[in-house]
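Input: a single structure, listed below in structure tokens.
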Amino acid sequence: MRTARSRRAENTGFTCGWCHAEVPANTDGHYRNHCPYCLWSLHVDDLPGDRASECRQLMEPVGLVEKSGKGWQVVHRCTACGHRQPNRLVRDGEAPDDLDLVLHLPWL
Ligand SMILES: [Zn+2]
Ligand SMILES: [Zn+2]
């Protein structure tokens, strides 16, 4: 059965479109938008968290940026349309982002 839910509340597990890992929902109170095991993402947002994009193609992790107040963010680039989007790293809770992979990304 489908239930209506607000987009904001959408914090569910998913299967990674790149490495096919089963990704658990975030447990640190934020909403997860990329795979913690390979860092790939899906182009689903026009603005972070809005789920408004119809692109839905894979987004590659291309580098890191540091934003004041937000800490490190991984920059994703859509393999289909080239849209770039910084996303917060998941450092706490269940299945945090793979720090080895994060540290191998170039600073942008
Ligand atoms: Zn993955
Ligand atoms: Zn795209």
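Following the working numbering from start to finish, the sequence shown increments by one per residue and tops out at 130.
Every residue, glycine too, gets a C-beta built ideally from N, C-alpha and C.
Because the structure is a prediction, the values reported are computed rather than measured.
Specify, as a first and last residue, the run of the beta strand (DSSP E) that H98 falls within.
-> Locating residue 98 in the sequence shown gives position 76, where the first residue counts as 1. G93 to C100 is the extent of the beta strand (DSSP E) around H98.
Nearest-angstrom Cα distance between S28 and V66?
-> For the purposes of this step, residue 28 is taken as the residue at position 6 of the sequence shown. For the purposes of this step, residue 66 is taken as the residue at position 44 of the sequence shown. Residue placement at S28 is flagged as unreliable, the pLDDT there being 47, under the threshold of 50; a coordinate-derived value is accordingly withheld.
Distance, D119 Cα to R106 Cα = Here residue 106 refers to the residue found at position 84 when the sequence shown is read from its first residue. Here residue 119 refers to the residue found at position 97 when the sequence shown is read from its first residue. Looking at the two C-alpha atoms, the distance is approximately 19 Å.
Taking Cβ to Cβ, would you say V124 is nearer than 8 Å to V84?
-> Start at 1 with the first residue of the sequence shown, and residue 124 comes out as number 102. Start at 1 with the first residue of the sequence shown, and residue 84 comes out as number 62. Cβ distance not < 8 Å, so V124 and V84 don't count as in contact.
Just to check, is the beta-carbon of Q107 closer than 7 Å to a non-hydrogen atom of ligand 2?
-> By 1-based counting over the sequence shown, the position of residue 107 is 85. The answer is no for Q107.
Does the beta-carbon distance from T151 to L130 come in below 8 Å?
-> The question about residue 151 has no answer here: the residues shown for the chain are numbered 23 through 130.
Beta-carbon spacing of A47, G35 below 8 Å = Walking along the sequence shown from the start, residue 47 turns up at place 25. Walking along the sequence shown from the start, residue 35 turns up at place 13. Against a cut-off of 8 Å, the Cβ pair of G35 and A47 comes out as a contact.
Just curious, the beta strand (DSSP E) that L80 is in, first and last residue?
-> Against the sequence shown, residue 80 aligns to sequence position 58. That run of the beta strand (DSSP E) goes L80 to K89.
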